[in-house]
Each structure stands twice: as C-alpha cells, then as structure tokens.
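Line order of the protein sequences matches chains Z and G. Here our numbering is used: the first residue of the first sequence is 1, the next is one more, and so on. Here our numbering is used: the first residue of the second sequence is 298, the next is one more, and so on. Down below is the structure, laid out as structure tokens.
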Amino acid sequence: MTPLTATAVGKRYRTRWAVRDCSFTIPEGKVVALVGPNGAGKSTLLRMAAGLVRPTTGELSAFGTPLRGRTHPDVSFLAQNRSLYRDLTVRELVRACAAMNDRWSTDRVHEVLGLLAGVDHDAKIGALSAGALTQVAIAVALGRLPRLLLLDEPLSDLDPLARDEVLRIVMTEVADRGTTVVMSSHLLSDLREVCDHVLLIDEGRVQVDGDVEGVLAEHRVLVGPAADEAGVEGKLIGATRSGRQSTLLLRGAGPAPAGWVSTEPDLESLVVGYLRASRERRSSAQRGHAGRGAKSA
Amino acid sequence: MLTGVIEFRIDRRSGVSTYVQIVQQVEQAMRLGLLTAGDRLPSAREVVEAIAVNPNTVLKAYRELERAGLVEARRGLGTFVTRSLSSEATTGGDAPLRRELAGWLGRARERGLVVEDVDALYFAVRDEHYPPPEERS
Numbered sequence: 001m002t003p004l005t006a007t008a009v010g011k012r013y014r015t016r017w018a019v020r021d022c023s024f025t026i027p028e029g030k031v032v033a034l035v036g037p038n039g040a041g042k043s044t045l046l047r048m049a050a051g052l053v054r055p056t057t058g059e060l061s062a063f064g065t066p067l068r069g070r071t072h073p074d075v076s077f078l079a080q081n082r083s084l085y086r087d088l089t090v091r092e093l094v095r096a097c098a099a100m101n102d103r104w105s106t107d108r109v110h111e112v113l114g115l116l117a118g119v120d121h122d123a124k125i126g127a128l129s130a131g132a133l134t135q136v137a138i139a140v141a142l143g144r145l146p147r148l149l150l151l152d153e154p155l156s157d158l159d160p161l162a163r164d165e166v167l168r169i170v171m172t173e174v175a176d177r178g179t180t181v182v183m184s185s186h187l188l189s190d191l192r193e194v195c196d197h198v199l200l201i202d203e204g205r206v207q208v209d210g211d212v213e214g215v216l217a218e219h220r221v222l223v224g225p226a227a228d229e230a231g232v233e234g235k236l237i238g239a240t241r242s243g244r245q246s247t248l249l250l251r252g253a254g255p256a257p258a259g260w261v262s263t264e265p266d267l268e269s270l271v272v273g274y275l276r277a278s279r280e281r282r283s284s285a286q287r288g289h290a291g292r293g294a295k296s297a
Numbered sequence: 298m299l300t301g302v303i304e305f306r307i308d309r310r311s312g313v314s315t316y317v318q319i320v321q322q323v324e325q326a327m328r329l330g331l332l333t334a335g336d337r338l339p340s341a342r343e344v345v346e347a348i349a350v351n352p353n354t355v356l357k358a359y360r361e362l363e364r365a366g367l368v369e370a371r372r373g374l375g376t377f378v379t380r381s382l383s384s385e386a387t388t389g390g391d392a393p394l395r396r397e398l399a400g401w402l403g404r405a406r407e408r409g410l411v412v413e414d415v416d417a418l419y420f421a422v423r424d425e426h427y428p429p430p431e432e433r434s
C-alpha cells in the first residue's frame, strides 16, 4: 500500500500560498529526499502529511486512508524544533510517550538510545547536546513502530559526526524494518548518499519527483557554442551562458549536435539547475508585473 | 557471526553513484584475490551501520553483482561470492604485470611526475588500448 499520496494539495496562510497544487506518490520502502530552498514549503508539506495541518485544497492519504487533520497510526513525525519537554529526563520522556501512544515499543526506544555512544537515561532533555537530542527525538518517533517516518530537517544544527550518526540510525531502521522515510533538507549534500527518491519543491510546487537514477538518466547537461543552440533537442530546464559557451540542462535531450558535449548531471547540479531556473522565472515575472505585484505563472 | 571480509568506502565527491562504487569495489576485491568463492559479503545492515548509505542501494549493488553471475544470495544466510576473478596476472605483490607497472611508476616518480600527470598518461594510453564505450544518449 502506498505510504503517502498527495492530490492537488495546497495550503494558504492568509494571503500567501505555502504549498500549491502538489501531487505526488511516495513508493513503499523508499528513502525520499524532500529538498528545496528555505521557505519552499517543505515543512508545511510534512506537517500536513503528519496530520498536524489541514490542507486548504486537495487531499493527502497515508496507507490509503485520507488524513483529516489527524496523525495516521503508522506515521511518525520529527518536527524541526524537536518539540520535546525540556524539563523531563530521558527516562521520564520515554514513559510519557509510552502513555500517549496506543502502539508503543519501549524496547525499540531503548535499542535506538543505546546505538552509537548511547544516551544517558537520567539526563535532562534540556541539557542534551544537539546530536543526542535528535537521537532521543528519533528514538521516540521509532517507538511508535511507524511504517512511514517523516523527518523535518533532521540534520540541521548537527556537527558532521552527529549527522553521520543520525543518518546511520535512520538507515539501520530502513534495513531492519523496511520503513519508508521522507527527510527534508535545504542541503541536498546531506541526503545525497542516502536517498533513492527525490522530491524537489520550490515556490510550493513540485519541480522534480522520481527515482534518483531515473531522474538523472532523463536529464543531460550539454556544453557547447552559444552561437549554435539551434540543433539542441529536448526540454530546456535552464541555461547558463558565458561569452561563447552555453551550458544547458535538458530533460529528454536528443543526441548531442556536433561541437557539443553531453553528460549526465549529478543530483546536485540537477537540483541547482531547476532552482536557478525557477528563481529566474520569478524575478522576470516580478519585473514584468512591476507595480502590480508578483503574479504566479 | 562471520565478520565482513571487505569494507566499502564511498567517495562522496567522485560523481560516481554509490551503488556503482559498491559494485566496482567488490569486483576490484575479486580481481585482486581479496574476495574468493565462498566469501560472504557484508549484509546491508552491516554496511549501513559502518557507512551511512541507504540499504536499498547496497541491495541494488548486490543484485547487479548477482545478475553478472559474480555472487549469489542465499536466503537467510547472506550474499556469497561464487567465483574468482583473480588470475596470476593480477594477484599478489609479485605478479609480473604488477611488477612492471610498479617499475614504471617508480620511474615516473623519479622523473618528477605528479599524480595528475600519471593519471593523465595512464588514462590516455588505456583509452588507446581499451576504447571507451560510446556515451549513451
């Protein structure tokens, strides 16, 4: 069963649309990188998937059940601010969470807390390091034995060692239980090695959605003479031109014309290409509608 | 429990996808005789615990190796190397070709070549003898 489906989902805060017309399907067992610049709508999307925020338009379903502002029992969500009770000890927090959840495995929580350097069960939540705090938050999220794990910026504020450790905890969960994971980050480099599916959103809209290998194979970077772009086939996503040379990112590109070099992009340059193109559309729209305010295309 | 015979290392900046790097490292270890028939590859969980990669990626690499007939998945037991890729030409520190290459590299170093010079020369000559496959489009 599909862990998460979004159909034409939108969320408006007063006059601003944080998420617009988003449709996608998250396949089971995938590790999904939800990427996009700050303010793209990633957190809003995750909060809607967690059932904490109701969409203004459209619908989200988890494992076939429409979410109506309630958290699905098979879904766990880690909020960006790791909202945990700071005055409790780790032990007290685990006990409180056990009381709040119908399905709960204290064994699983202890297992995750025992990974890596281990977390002191008598430490106050407020006194933990950023890495240990994230470990506790993930342990509690996994205590619900989720089939879909939603992590909002799980690596922000962590030093490189803690990042690596948190990723190892999450990947071990995937290896052990086949859990589907959606992780957001504004830094793609954090997730590049662990994701097999990418969901790129910007301006609240889905820009790229698909299996990483498949998405990369669909695109080409062509480098060649700026004066001779006529022979290039495919859908132009973005271009940078410097003097005589053009660098084009294309979807469904044909064979490279003479004088052009074609390579498959890496995930990073693909994402940057899409984001740059969307920023250019935005700024040209703003120029075009000067005085009337920006209008979305 | 058997301990893993080899450890993977992922070069994050190489631009080569993680699963291809795993495939290449297994093949290389087989060519060098570090992995031989009967050896068990580390389980996806063991790899994930050691390096933060997606277990699906590890399994994908193992499936690719299985399709190539180099390894075999045995249910509940793990993934095992089924054959040897090493030959006298590639195995051991005293294999003749290896000795010749070591001699050549030693002379390159004496002449003051840096590693980039050596790589450039090696790849240029290699491409003459083993033409690279056409870029797919």
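All C-beta atoms in this analysis are idealised placements derived from N, C-alpha and C, irrespective of residue type, glycine included.
By DSSP, does residue i sit in helix, in strand, or in coil?
i: G/Pro-428; result: coil
i: Z/Ala-239; result: strand
i: Z/Trp-17; result: strand
i: G/Thr-354; result: helix
i: Z/Phe-63; result: coil
i: Z/Thr-7; result: strand
i: Z/Gln-245; result: strand
i: G/Phe-420; result: helix
i: G/Arg-433; result: Note on G/Arg-433: pLDDT 45, under 50, position unreliable in the model; the coordinate value appears next. Here G/Arg-433 sits in coil by DSSP.
i: Z/Asp-164; result: helix
i: Z/Glu-229; result: coil
i: G/Leu-329; result: coil
i: Z/Glu-111; result: helix
i: Z/Lys-329; result: Here chain Z covers residues 1 to 297 and nothing more, so residue 329 of chain Z does not appear.
i: Z/Asp-266; result: coil
i: G/Thr-315; result: helix
i: Z/Arg-12; result: strand
i: Z/Arg-220; result: strand
i: Z/Asp-211; result: strand
Can you check whether the CB of residue j is closer than 9 Å to the CB of residue i?
i: Z/Ile-138; j: Z/Tyr-85; result: no
i: Z/Ala-225; j: Z/Arg-144; result: One detail in the question is off: residue 225 of chain Z reads as Pro in this sequence, not Ala. For Z/Pro-225 and Z/Arg-144, no; Cβs fall outside 9 Å.
i: Z/Val-198; j: Z/Leu-167; result: no
i: Z/Leu-188; j: Z/Leu-267; result: yes
i: G/Val-344; j: G/Ala-326; result: no
i: Z/Val-311; j: Z/Gly-29; result: Outside the modelled stretch of chain Z, which goes from 1 to 297, sits residue 311 of chain Z, for which no answer is possible.
i: Z/Ala-217; j: Z/Glu-264; result: yes
i: Z/Ser-262; j: Z/Val-221; result: yes
i: Z/Arg-82; j: Z/Asp-122; result: no
i: G/Arg-337; j: G/Val-378; result: yes
i: Z/Val-35; j: Z/Ser-23; result: no
i: Z/Ala-239; j: Z/Leu-248; result: yes
i: Z/Arg-192; j: Z/Ala-40; result: no
Going along the chain, which residues of its own chain have a beta-carbon closer than 7 Å to the beta-carbon of residue i, five neighbours each way excluded?
i: Z/Gln-207; result: Leu-200, Ile-201, Tyr-274, Ser-278
i: G/Ser-340; result: Gly-375
i: Z/Asp-196; result: Lys-30, Val-31, Asp-211, Val-212
i: G/Val-317; result: none
i: Z/Arg-251; result: Glu-218, His-219, Gly-234, Lys-235, Ile-237
i: G/Ile-307; result: Thr-315, Gln-318, Ile-348, Val-350
i: Z/Leu-307; result: With chain Z running from 1 to 297 in the structure shown, residue 307 of chain Z is simply not present.
i: Z/Ala-256; result: Leu-222, Ser-262
If you drop the 5 nearest sequence neighbours on each side, which residues of the same chain put their C-beta closer than 8 Å to that of residue i?
i: Z/Val-140; result: Leu-84, Leu-93, Val-94, Cys-97, Val-109
i: G/Val-368; result: Val-323, Leu-338, Tyr-359, Leu-362, Thr-376, Phe-377, Val-378, Thr-379
If you count every other CB in all the chains shown that lies within 10 Å of the CB of residue i, and 16 or more means buried, which is it?
i: G/Asn-351; result: buried
i: Z/Met-171; result: buried
i: Z/Thr-106; result: exposed
i: G/Leu-394; result: exposed
i: Z/Gln-245; result: exposed
i: Z/Lys-235; result: exposed
i: G/Asp-416; result: exposed
i: Z/Trp-260; result: buried
i: Z/Ala-285; result: exposed
i: Z/Pro-160; result: exposed
i: Z/Asp-190; result: buried
i: G/Pro-429; result: exposed
i: Z/Ser-76; result: buried
i: G/Leu-418; result: exposed
i: Z/Ala-162; result: buried
i: G/Thr-354; result: buried
Leaving out the 5 sequence neighbours to the left and right, which residues in its chain are closer than 6 Å to residue i when beta-carbon positions are compared?
i: Z/Leu-116; result: Glu-165
i: Z/Ser-296; result: Unreliable placement is indicated for Z/Ser-296, whose pLDDT of 44 sits below 50; the coordinate value is still reported in the next sentence. Same-chain partners within the cutoff: there are none.
i: G/Gln-322; result: Phe-305
i: Z/Lys-11; result: Ala-18, Val-19, Thr-44, Pro-55, Thr-56
i: Z/Thr-2; result: Thr-25
Using a C-beta to C-beta distance shorter than 7 Å, which residues of chain C count as neighbours of residue i?
i: G/Ala-349; result: The structure shown contains no chain C; its protein chains are Z and G.
(Q) Taking contact to mean 3 or more Cβ pairs, one atom from each stretch, closer than 8 Å, check whether the segment 4-20 of chain Z and the segment 35-49 of chain Z are in contact. (A) yes
Q.
Closer than 8 Å is the cut-off here; do at least three beta carbon pairs connect the segment 144-162 of chain Z with the segment 171-191 of chain Z?
A. Touching, yes.
Q) How about the segment 54-64 of chain Z and the segment 128-138 of chain Z: do they share at least three Cβ pairs that are nearer than 8 Å? A) They do not touch, by the three-pair rule.
Q | Cβ contact (3+ pairs, closer than 8 Å) linking the segment 301-320 of chain G and the segment 330-341 of chain G | A | With the cut-off at 8 Å, the segment 301-320 of chain G and the segment 330-341 of chain G touch.
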